[in-house]
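This report concerns only the one structure given below.
Numbering (the UniProt record's numbering), first residue to last: 1 to 42.
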């Protein structure tokens, strides 16, 4: 089976993983992406 079928991010908005910048709102977006990855089993 392809890993993408099991990925925690499969139903997430891809934009979450590509923040614009690294300050302000982008920091929250970065943390959100990290939380998705932390719960991923692949």
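C-beta atoms are modelled at their ideal positions from N, C-alpha and C, and glycine is treated no differently.
Small disclaimer: the values here were computed from a predicted structure and weren't measured.
Query, Result
"Local conformation of residue 38 per DSSP, three classes", "helix"
"CB contact flag (residue 12, residue 36, <8 Å)", "yes"
"Option nearest residue 38 by Cα separation, candidates 26, 9, 5", "9"
"Test item: CB-CB of residue 16 and residue 28 under 8 Å", "no"
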